[in-house]
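*Asks:* Residue numbers for the sequence shown follow this note's numbering, beginning at 434 and rising by one.
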Amino acid sequence: MNDGKGRFTPVSWTDGTFLDEDGKPLSQAPWDQGLSVLFRDLNGDGYPDIYVCNDAFTPDRCWINDGHGHFRAQHHSALRSTSYFSMGADVADIDRDGYDDFLVADMASRQHRFALTQKGSMHPQPRLPGDVDSQLQMRRNTFFLNRGDGTYAEIAHYSGVAGSEWSWSCVFLDVDLDGWEDILISNGFAHNVDDIDTKERIKRMGKLSLEESRKTLLLFPRLATPNIAFRNQRDLTFRETAKEWGFDSVEVSNGMALADLDNDGDLDVVVNCLNGPALVYRNESIAPRLAVRLRGKSPNTQGMGAKIHVYGGPVTQSQEVICGGRYMSGDDPMRVFAGGTSTNLTIEVTWRSGARSVVCNCPPNHIYEIDEAGAVPAPRNDPPREAKPPSIFQDVSDLFHHRHYEEQFDDFARQPLLPNRLSQLGPGIAWFDLDGDGRDDLIIASGKGGRLALYRNHPQEGFKPLEAPALSSPPTRDQTTVIGWSPAPGMTSLLVGLANYEDGSTNGEMVSRYDYQGGSWKGAAGLRAQIASVGPLALADMDGDGNPDLFVGGRVIPGRYPEAAWSHIFRYDGRQWQLDAVNSRSLEKVGLVCGAVWSDLDGDGFPELILACEWGPVRVFKNQSGKLRDATAELGLADYTGWWTGVTTGDIDGDGRLDIIAGNWGLNSPYQASREHPARLYFGNWNETGRVDLLETYDEKDLGIVPRRDFSAVSAALPFVQSRFPTHLAFAQATVASVLGDRLSRARELQAYTLASMIFLNRGDHFEAAALPREAQFAPVFAVCVADLDGDGHEDIFLSQNFFATQPETPRLDGGRGLWLRGDGTGKLMPVPGQESGVKIYGEQRGAALCDYDGDGRVDLVVTQNGAETKLY
């Protein structure tokens, strides 16, 4: 602790100054390998908080200052994941919403060669279903977007800044003075100690003496890489501009500091290099600027910790005056802001004392020195920042205490190179009046070994589990979609989809049926299993005969992903379901169906069938008086191939026509796709075992089409690859053609052009595509629901989000909490923050359903989580 007289005294970790997440004093000091630390006011309460970057083994530490001499560990839900080898960090309000965001630098490479030849030691990531609370570590940069409620969405992949080589210092600096902070990152290392080929060479040397072991360090090649610059594109994304800006020096660069070295009012950059001269970069921007230097009261004479706002420029800008906080570096305390075209700027300084200085009518291209002596107390009528309207949805999940049951299954034992697990896609959920009392009851599917859950919605007693011998046996397969319907007056039936993905057997049923009549439940004849594992079910009267028709979606053929799975149509004849052979024939090779809905898109009284397909488009089958015809291409949807996960319809733009809203993988994962550079998947029987082998690829700018997975993973699954490449480096320089050789001619290929979740606006004879707002792209979307959630007369959208069951080299995708998009009736959608909506769900959200279960005239929401608690709002 600084006494202000040049002396520091140590503060005990266990004397109550530092508190754990529960507010209790630490019992022992954290044992970490810290590389940098910064003091910043992360939550905007005026008190400096602490963020510590730790290298491996233990996660980063974030300590929130309560203003009373205590630092409390930030709750694990605030930062769902952190970087594994955290080096440096910096803070800026990157989206100009008034809340500070921050970037942490790690050591993931942007180069294909290094991405496939570097591998450091990391703890295995938890893969248990329902593991919601673990704070994971990832070997890449992390970029935390402040949600405004003390939590952050991690969006490094969305922003394009997940990799920057073996990084050390990262700095937010408005290089081009357009009002938006850009990013500079120093990188490199004396020895590329993560080079897999060198590690294997040393391993082959056998047992070594201590002296010999020390000398092996010299076997690793030098890792000199270009420094990185990212230009802010003003939409939470960044474009690499190091070469364009002259910042791409190839060195082993470590520390980085900012100062105005030539007195032109902008900040220049000094980079320290290992065993070499420093790099000095002069900022040659000619844009108008405004510089601020503070003169604080003693002993804080440079105004450290003060927050400076500048109004009237291109955008509202803010910066905090800092001392140190970078990796082994510190800046000059002068802060620089963009002036734009304004000649009348306002500077506002909030000092650490709470006093405020305001300087008006400031022309740009001047340095303003502001003295704290002239500051005045902040106005007492400032609205408290924490004041928020009450949340629209209230969490009432305790009304039934349901938790989905999911057993772990090793998908990769059967197909080692699967992009993701296919065994953790449930559960489905539905509202339906099971007992005919006029109140919707709740039906929740289960995983294998669990139990189908039915909750009666009792007007006085609330939700009560519905017990019945016919429903009590644990299912032997994962249940997918659940649907309630009434086949006859006084009779209720349930249809439950069953996935044979894990057992791969065609024995048993693919859809089970349960009937309720006369006060009791009994099992009825269902639909026999087929070769394809069941995904979605959808029910509608497709031919207008008064009887329901059932679509059964083929999700995947066990062990043969991504071959097209067969889907079917069944017609109800008043007693049982009969296969509609004609319409089913048009669906045999429709693809991997993840979502389905019947909806009358053209207003002719016959509902169209709309399918969300993985490695395919959102398909529309035109219903011509009960006969289905694929109209996907003529409606302009065929080119939007993606990993579509869910689909529904609603009139979002108020024109009287139903629009299509479809969930996709999102834009915040290692996968990127476009028409010019699609995500690709090759597959075939290359091992000649009768199984389907597969290989994920992408377009690399210099090499062409290259494998996404590394040599170890690919050669383990495809043994013939082992003999084709002597080293990991040789494999990293190979294209898919050289990896597969003549097997490429026997390979089939799938492509995905878009991974964005989208809305397709119905224009009558075609659909007009638009990506959903960016918050909808932060995580994969599964359920899509439409209703007027706030009673304003306009349709809104709810999206369930997140996916944790990724392949071993991909961390979980957890950037969502469930998202409400508020519609204005014209087609525009605005994300509703979690603190306003009240919906904050951190697990793998799957099924979602809407209804007014309590009859108060307002729409209620229920959301399932794979392996975790079902949430009711």
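Think of the CB as a built atom: it goes at the ideal place given N, C-alpha and C, for glycine as much as any other residue. Predicted model, so just to flag it, every value in this text is computed and none were measured.
For R1255, tell me which candidate among H1227, N940, L723, L641 has the shortest Cα-Cα distance.
*Replies:* Here residue 1255 corresponds to residue number 822 of the sequence shown, with the count starting at 1. Considering only alpha carbons, the answer is H1227.
*Asks:* Please report the Cβ distance between F1211 and Y591, rounded to the nearest whole angstrom; I am assuming they are in contact, meaning their Cβ atoms lie under 8 angstroms.
*Replies:* As a working mapping, residue 1211 is identified with position 778 in the sequence shown. As a working mapping, residue 591 is identified with position 158 in the sequence shown. Confirmed, Cβ separation roughly 6 angstroms.
*Asks:* Using 8 angstroms as the threshold, is the segment 1200-1216 in touch with the segment 1105-1115, meaning 3 or more CB pairs across them?
*Replies:* Touching, no.
*Asks:* If I follow the unbroken alpha helix (DSSP H) through H1161, where does it start and stop?
*Replies:* Along the sequence shown, one-based indexing puts residue 1161 at 728. Unbroken alpha helix (DSSP H) run through H1161: 1161-1165.
*Asks:* Quick one, which of L707, D697, R1196 has its alpha-carbon nearest L723's?
*Replies:* Reading the sequence shown from its first residue, position 290 is the one you call residue 723. The option with the nearest alpha carbon to L723 is D697.
*Asks:* Quick one: measure Cβ to Cβ for N620 and I661, integer angstroms, because I've assumed they're closer than 8 angstroms.
*Replies:* As a working mapping, residue 620 is identified with position 187 in the sequence shown. As a working mapping, residue 661 is identified with position 228 in the sequence shown. Correct: roughly 6 angstroms between the Cβ atoms.
*Asks:* I believe R1279 touches G1267 by the beta-carbon criterion, under 8 angstroms. Please report the beta-carbon distance rounded to the nearest angstrom.
*Replies:* Counted from its first residue, the sequence shown places residue 1279 at position 846. Counted from its first residue, the sequence shown places residue 1267 at position 834. The pair is not a contact, with the Cβ atoms about 19 angstroms apart (cut-off 8 angstroms).
*Asks:* Rounding to the nearest angstrom, what Cα-Cα distance links N687 and H503 in this structure?
*Replies:* On the sequence shown, residue 687 is found 254 positions in, with the first residue counted as 1. On the sequence shown, residue 503 is found 70 positions in, with the first residue counted as 1. Rounded to the nearest angstrom, the two C-alpha atoms are 33 angstroms apart.
*Asks:* How big is the Cα-Cα spacing for H1001 and S516?
*Replies:* For the purposes of this step, residue 1001 is taken as the residue at position 568 of the sequence shown. For the purposes of this step, residue 516 is taken as the residue at position 83 of the sequence shown. Taking the straight line from one Cα to the other gives about 46 angstroms.
*Asks:* Going along the chain, which residues of its own chain have a beta-carbon closer than 7 angstroms to the beta-carbon of A903, five neighbours each way excluded?
*Replies:* For the purposes of this step, residue 903 is taken as residue 470 along the sequence shown, with counting starting at 1. Cβ within range, chain order: Y947, W954, K955, G956.
*Asks:* Could you give the residue range of the alpha helix (DSSP H) that holds Y714?
*Replies:* Position 281 of the sequence shown, counted from the start, is the residue given in the question as residue 714. Y714 -> not in any alpha helix (DSSP H); beta strand (DSSP E) instead, spanning 712-714.
*Asks:* Taking 7 angstroms as the limit between beta carbons, can you name the residues of its chain near Y1104, skipping five residues before and five after?
*Replies:* Here the question's residue 1104 lines up with position 671 in the sequence shown. W1098, A1112, L1188, listed in sequence order.
*Asks:* Of the choices S1156, V754, Q544, A1301, whose alpha-carbon is the least far from that of F1236?
*Replies:* As a first step, residue 1236 is located in the sequence shown; it is residue number 803 there, counting from the start. The shortest C-alpha separation from F1236 is found at A1301.
*Asks:* Looking at C-beta atoms only, is the number of pairs between the segment 1214-1224 and the segment 1127-1136 that lie closer than 8 angstroms three or more?
*Replies:* No, the segment 1214-1224 does not touch the segment 1127-1136.
*Asks:* Quick check on this structure: which residue in Y480, T1168, P732 has the alpha carbon closest to the alpha carbon of R440?
*Replies:* Locating residue 440 in the sequence shown gives position 7, counting from the first residue. Cα-wise, what sits closest to R440 is P732.
*Asks:* Based on DSSP bridge pairs, tell me the residues matched to Y1186.
*Replies:* Walking along the sequence shown from the start, residue 1186 turns up at place 753. Per DSSP, none; premise fails for Y1186.
*Asks:* Just verifying my parser: in three-state terms, what is the DSSP assignment at Q963?
*Replies:* Indexing the sequence shown from 1 puts residue 963 at position 530. Coil, per DSSP.
*Asks:* Express the C-alpha separation of A489 and E644 in angstroms, rounding to a whole number.
*Replies:* Taking the first residue of the sequence shown as 1, we reach residue 644 at position 211. Taking the first residue of the sequence shown as 1, we reach residue 489 at position 56. Roughly 26 angstroms separates the two Cα atoms.
*Asks:* Within 8 angstroms, do at least three Cβ pairs link the segment 461-474 to the segment 514-528?
*Replies:* Result yes; three or more Cβ-Cβ pairs closer than 8 angstroms.
*Asks:* Have a look at E1109 and E598 and give me their C-alpha separation to the nearest angstrom.
*Replies:* In the sequence shown, counting from the first residue as 1, residue 1109 sits at position 676. In the sequence shown, counting from the first residue as 1, residue 598 sits at position 165. Rounded to whole angstroms, E1109 to E598 spans 26 angstroms at the Cα level.
*Asks:* The alpha helix (DSSP H) that contains S1017, what's its start and end?
*Replies:* Walking along the sequence shown from the start, residue 1017 turns up at place 584. 1014-1018 is the extent of the alpha helix (DSSP H) around S1017.
*Asks:* Taking the alpha-carbon positions, what's the T775 to C795 distance?
*Replies:* As a working mapping, residue 775 is identified with position 342 in the sequence shown. As a working mapping, residue 795 is identified with position 362 in the sequence shown. The sequence shown places Ser at residue 775, rather than the Thr named in the question. Approximately 9 angstroms, taken between the alpha carbons.
*Asks:* Applying the 10 Å Cβ sphere with the 16-neighbour rule, what's the burial state of R572?
*Replies:* Looking up residue 572 in the sequence shown gives position 139. Label assigned to R572: buried.
*Asks:* According to the Cβ coordinates, are F1054 and E1067 closer than 8 angstroms?
*Replies:* Numbered from its first residue, the sequence shown carries residue 1054 at position 621. Numbered from its first residue, the sequence shown carries residue 1067 at position 634. No, the Cβ-Cβ distance between F1054 and E1067 is not below 8 angstroms.
*Asks:* Indicate whether F842 and E942 have their beta-carbon atoms separated by less than 8 angstroms.
*Replies:* Translated into the one-based positions of the sequence shown, residue 842 becomes position 409. Translated into the one-based positions of the sequence shown, residue 942 becomes position 509. No.
*Asks:* Between W999 and E1021, is the Cβ-Cβ spacing less than 8 angstroms?
*Replies:* Counted from its first residue, the sequence shown places residue 999 at position 566. Counted from its first residue, the sequence shown places residue 1021 at position 588. A contact, by the Cβ cut-off of 8 angstroms.
*Asks:* Using the rule of at least 16 other Cβ atoms within 10 Å of the residue's Cβ for burial, across every protein chain shown, is W464 buried or exposed?
*Replies:* For the purposes of this step, residue 464 is taken as residue 31 along the sequence shown, with counting starting at 1. Exposed: under 16 other Cβ atoms inside 10 Å.
*Asks:* Let me know the secondary structure DSSP gives H590 once reduced to three states.
*Replies:* As a working note, residue 590 is residue 157 in the sequence shown. H590: helix per DSSP, three-state reduction.
*Asks:* Which residue wins for smallest C-alpha separation from V683, given the options C706, G895, L669?
*Replies:* Taking the first residue of the sequence shown as 1, we reach residue 683 at position 250. When each option's Cα is compared against that of V683, the closest is C706.
*Asks:* State buried or exposed for P823, treating a residue as buried only when at least 16 other CB atoms are found within 10 Å of its CB.
*Replies:* Here residue 823 refers to the residue found at position 390 when the sequence shown is read from its first residue. So P823 ends up on the exposed side.
*Asks:* When burial is assigned at 16 or more other CB atoms within 10 Å of the CB, is E894 buried or exposed?
*Replies:* Residue 894 sits at position 461 when you count from the first residue of the sequence shown. Exposed, since its Cβ has fewer than 16 Cβ neighbours within 10 Å.
*Asks:* Residues in the same chain with beta-carbon distance under 6 angstroms from D582, minus the five sequence neighbours each way, listed in chain order, please.
*Replies:* Reading the sequence shown from its first residue, position 149 is the one you call residue 582. Q1268.
*Asks:* Are K1304 and V1292 close, meaning C-beta to C-beta below 8 angstroms?
*Replies:* Within the sequence shown, residue 1304 is the residue found at index 871, counting from 1. Within the sequence shown, residue 1292 is the residue found at index 859, counting from 1. Cβ atoms of K1304 and V1292: not closer than 8 angstroms.
*Asks:* In three-state terms, what does DSSP make of R637?
*Replies:* Indexing the sequence shown from 1 puts residue 637 at position 204. Correct three-state label for R637: helix.
*Asks:* Taking 8 angstroms as the threshold (C-beta atoms), are I1085 and V1217 in contact?
*Replies:* Walking along the sequence shown from the start, residue 1217 turns up at place 784. Walking along the sequence shown from the start, residue 1085 turns up at place 652. Taking 8 angstroms as the Cβ cut-off, V1217 and I1085 do not qualify as a contacting pair.
*Asks:* Beta-carbon within less than 6 angstroms of V791's beta-carbon, same chain only, minus the 5 sequence neighbours each way: which residues are those?
*Replies:* On the sequence shown, position 358 is the one that residue 791 refers to. Taken in chain order, the residues that qualify are E781.
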